[in-house]
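Chain order of the listed sequences is P and A. If you're matching positions, the first sequence starts at 1 in my numbering and goes up one per residue. If you're matching positions, the second sequence starts at 1 in my numbering and goes up one per residue.
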Amino acid sequence: MWIFFKNFANTFRIKKISGMPTTLFDKVWDAHVIRHVQDGPDVLFIDRHFIHEVTSPVAFLGLEKRGLKVVYPERTFATADHNTPTQNQHLPVKDPLSANQLQALERNTQRYGISHWGLGNPRNGIVHVIGPENGITQPGMTIVCGDSHTSTHGAFGAVAFGIGTSEIEMVLSSQCIMQPKPKKMRINVDGKLGKAVTPKDVILYIISRLTASGATGYFVEYAGEVFRQMSMEGRMTVCNMSIEMGARGGIIAPDEKTYSYLKGREMAPRGEAWDKALAYWKTLPTDEGAVFDQEYRFDAAEIEPMITFGTNPGMGLGITQSIPAAEGAGSGRSSFQKSLQYMGFQEAEHMLGKKVDFVFIGSCTNGRIEDFRAFASIVKGRKKADHVTAWVVPGSHQVERQIREEGILDILTEAGFELRQPGCSACLAMNDDKIPMGKYAVSTSNRNFEGRQGPGARTMLASPLAAAAAAVTGVVTDPRDLIEE
Amino acid sequence: MAYDKFTVLKSTAVPLPIENVDTDQIIPARFLKATERKGFGDNLFRDWRYQDDGSPKRDFILNNPLYQGKILVGGRNFGSGSSREHAAWAIYDYGFRCVISSFFADIFKNNSMNVGILPVQVSGEFLEKIFRAIEADPHTELEVDLPSQKLTILATGEHVSFEINAYKKNNLINGYDDIDYLQAMKTEIASFAANSIYSL
């Protein structure tokens, strides 16, 4: 369990000496640098490490080959999520390769004394959903996982990002990784969001403005009224997709919302430790006058419900707009055309009214309780369109329990939807939840890459509200049309 | 896992002039189910390279015997998306030792260097030059000289220098890796960990 802030005083000293206004990101990163390698990376200490069945087995093999141990097993947390089935989880996993990976995770965690919330465990779920849910994720931490959407945890004011398998091996064997410090970007969104404009729309809008590579090399702080007003679930959705514009990670200053979300969660500090933690967390937000390498400002009123039309998350637009011309893509023109060809779309076509075959709500982007509440708000009293296959997949068992307890399941069932069991599911289609070749899916997940949701699958990314609207009408529909004032 | 040391590489190159080549294209998720690092090269660019029935797609560059070599030249924002190191393994396992692009995604770049692939970032114009040179003659050789950080199109002698930090450069030249470096810092890490704010 949580002990004390032994170098609590130290952290303050660092701040005092430097004297300069400092960013949230700098404060957290710098507090974890053990050594700066000259003309090289920083050696960064990692507070919390998440692992799952897909990217960890080779790291454990590496440990074995080198005869290394896991130095701080209590700082690593394992869950099974990427290739798990979303039906009949009580039965043995049918796919022998998936079963093998799940067994390897169980074996490896057991061998090295790492906690493992595997299939059937009441705390099992998608790694980026269960970390915050159980209070493992906290402000000021460094958090890594062999998954690019680790950026999700930045919603709590943590420096969190995805790593490769070699780095997983580093963290297991030394609790450190070696990386150059990224540059800093701040994205400010001020003003009030319009009707049916959700956190997912905010981040899809930002990515559409910056492009799929526009934040590469940067760590992004999201600031401004829109993020201050946003729930923790919404902040997680935003930080989650930071990687989709190439950013190393996203981060949002911790505030009262963060603290009240965390308080009382299983792994969160308690009593005196809580008070000390809180005092420290309150020093973390970016100081007035701190300088960023790059800064953007957007107006909330400009943001519509969004949808993507191409094969990277930067290819998004307001749902009422039409597909832009390839000319505008400049040197990327042929890639743009290739993308439209894959999607079976034409320049200048409207997105509204396009036929939808599949709807997927879930994933580490939109698999939290608030997302299912939003989805239910639209399907309530309506029926799923007959030709639409819908996969409704909670991010964790805890979310699944909430869906039942809050009566959302009844609404879903009444409207003709079936609730599945938690996992990454159709987001990356490693299990059986694959969108068939050539079919169109409106998906609340994070990537619309070619084949991402199954070979030949055509993905349109959108919010839970837009997914619900598509599910009940069977075509791309503006969710604003289905919401009463 | 040990990798081949990288000093000077002289080779023909395979051009892939597509932007935003993401790691799902490099290796689709359904091929990530192995628990060992073996055979990933067979599924490199799987869905661009093969038909559903497993027969090769004739128009994909890797299926064109004219284009061979240890260097892959990709369009802007190469390696975006997922953190799967399997993408780098697939490229290495297929036989590439160097990827040239005008822009790399961060995680892919890190992963590449950790497995012994040299990512070489050049300007958009120089990338175009390389594409044109290979288009004109598929046997065009490139020389990637890591010690002097220089990339040359041998036929024309056109060359550019490229960036890499001294630490990573030294690692690649000698076949060293971060894991060994960190093992040598154990005492320092232990004392940092003992004072860590977020002890459990």
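Cβ atoms here follow ideal geometry from the backbone N, Cα and C, with glycine treated the same way.
Per DSSP, reduced to three states, the secondary structure at I408(P) is helical.
Taken atom to atom, the span from the alpha-carbon of S231(P) to that of P147(A) is near 51 Å. Closer than 8 Å to the CB of V58(P) there is at least one CB belonging to chain A.
Bounds of the alpha helix (DSSP H) holding G124(A) are 124-136.
A301(P) is classed as exposed because its beta carbon has fewer than 16 other beta carbons within 10 Å across all chains shown. For Y167(A), the closest alpha carbon among the candidates D177(A), F131(A), K38(A) is that of D177(A).
By the criterion of a C-beta distance shorter than 7 Å, P455(P) is surrounded in its chain by M437, once the five residues flanking it on both sides are discounted. Ranked by Cα distance from I117(A), the first of E158(A), K169(A), N64(A), A193(A) is K169(A).
Chain P has a Cβ within less than 8 Å of the Cβ of G124(A). At a beta-carbon threshold of 9 Å, the residues of chain A lying near L61(P) are M1, T35, E36, R37, ordered along the chain.
By the beta-carbon neighbour count (other beta carbons within 10 angstroms, threshold 16), G271(P) is exposed. For P15(A), there are no neighbours in chain P by C-beta distance under 9 Å, as the nearest C-beta there is about 13 Å away. Of the residues D4(A), V8(A), T7(A), P17(A), the one whose Cα lies closest to the Cα of A133(A) is P17(A). Contact between A429(P) and I307(P) is ruled out by a C-beta separation of about 20 Å, above the 8 Å threshold. Inclusion of G41(A) and A87(A) in the CB contact set at 8 Å is not warranted, their separation being larger than that value. In the DSSP assignment, G316(P) falls within the beta strand (DSSP E) that extends over 316-318. S191(A) counts as exposed, since fewer than 16 other C-beta atoms from the protein chains shown sit within 10 angstroms of its C-beta. Straight through space, the alpha carbons of S112(A) and G164(P) are spaced by roughly 9 Å. With 16 or more other CB atoms across the displayed protein chains lying within 10 angstroms of its CB, V189(P) is buried.
Proximity of chain A to E169(P) at the Cβ level (cut-off 8 Å) is accounted for by I179, in chain order.
When C-beta distances to chain A are compared with 8 Å, every residue of the segment 255-275 of chain P stays at or above that value. In the structure shown, T22(P) adopts coil according to DSSP, grouped into three states. Closer than 8 Å to the CB of K384(P) there is not a single CB belonging to chain A. Contacts with chain P at 8 Å (Cβ-Cβ) do not include L172(A). Contacts with chain A at 8 Å (Cβ-Cβ) do not include G353(P). Those residues of the segment 66-85 of chain A placed with their C-beta closer than 9 Å to a C-beta in chain P are G75, R76, N77, S80, G81, S82, S83, R84, E85, ordered along the chain. Annotated three-state conformation of F103(A) is coil, per DSSP.
Listed along chain A are N20, N77, S80, each with a C-beta nearer than 7 Å to that of A212(P).
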